[in-house]
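Please read the structure below before turning to the comments.
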């Protein structure tokens, strides 16, 4: 998403409030999974990228896409979708 937004690691880090001298290295480590940002930093990164916080923690590409798509729905559409995909009481898993 950072690349799609045409941001360098340093630019994203600075926008998210990281020290300019370490912004690039920190974002690089977050992207590689070497370190995880604290929740406040993750929230700022998500805001800068214009994505839901959950997107940053998606464990695979399909989940990431689902999070982005779900975020774009209206409240009514979200309720309808959840009603369709949540298991009904008494139904097999």
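Numbering (the UniProt record's numbering), first residue to last: 1 to 93. Ideal placement from N, C-alpha and C gives every residue a C-beta, glycine not left out.
From residue i to residue j, what does the alpha carbon distance come to, in whole angstroms?
i	j	result
residue 15	residue 56	16 Å
residue 20	residue 68	29 Å
residue 49	residue 11	11 Å
residue 3	residue 31	12 Å
residue 59	residue 88	26 Å
residue 51	residue 8	17 Å
residue 97	residue 39	Not covered by the structure: residue 97. The range shown for the chain is 1 to 93.
residue 27	residue 44	12 Å
residue 61	residue 72	17 Å
residue 75	residue 25	38 Å
residue 13	residue 53	16 Å
At which residues does the alpha helix (DSSP H) containing residue i begin and terminate?
i	result
residue 38	First-last for residue 38: undefined, no H or E at that position.
residue 70	61-72
residue 24	23-32
residue 17	That residue, residue 17, is in no alpha helix (DSSP H); it is neither H nor E in DSSP.
residue 85	75-85
Measuring from the CB of residue i, is there a heavy atom of the ligand ADP at a distance below 7 Å?
i	result
residue 31	Inclusion of the ligand ADP in the displayed structure is not the case, the ligand content being empty and no account of it being possible.
Of the residues the options, which one's Cα is nearest the Cα of residue i?
i	options	result
residue 18	62, 75, 63, 41	41
residue 5	73, 54, 53, 46	46
Worksheet item: Contact between the stretch 70-83 and the stretch 25-42: three or more CB pairs below 8 Å?
Response: no
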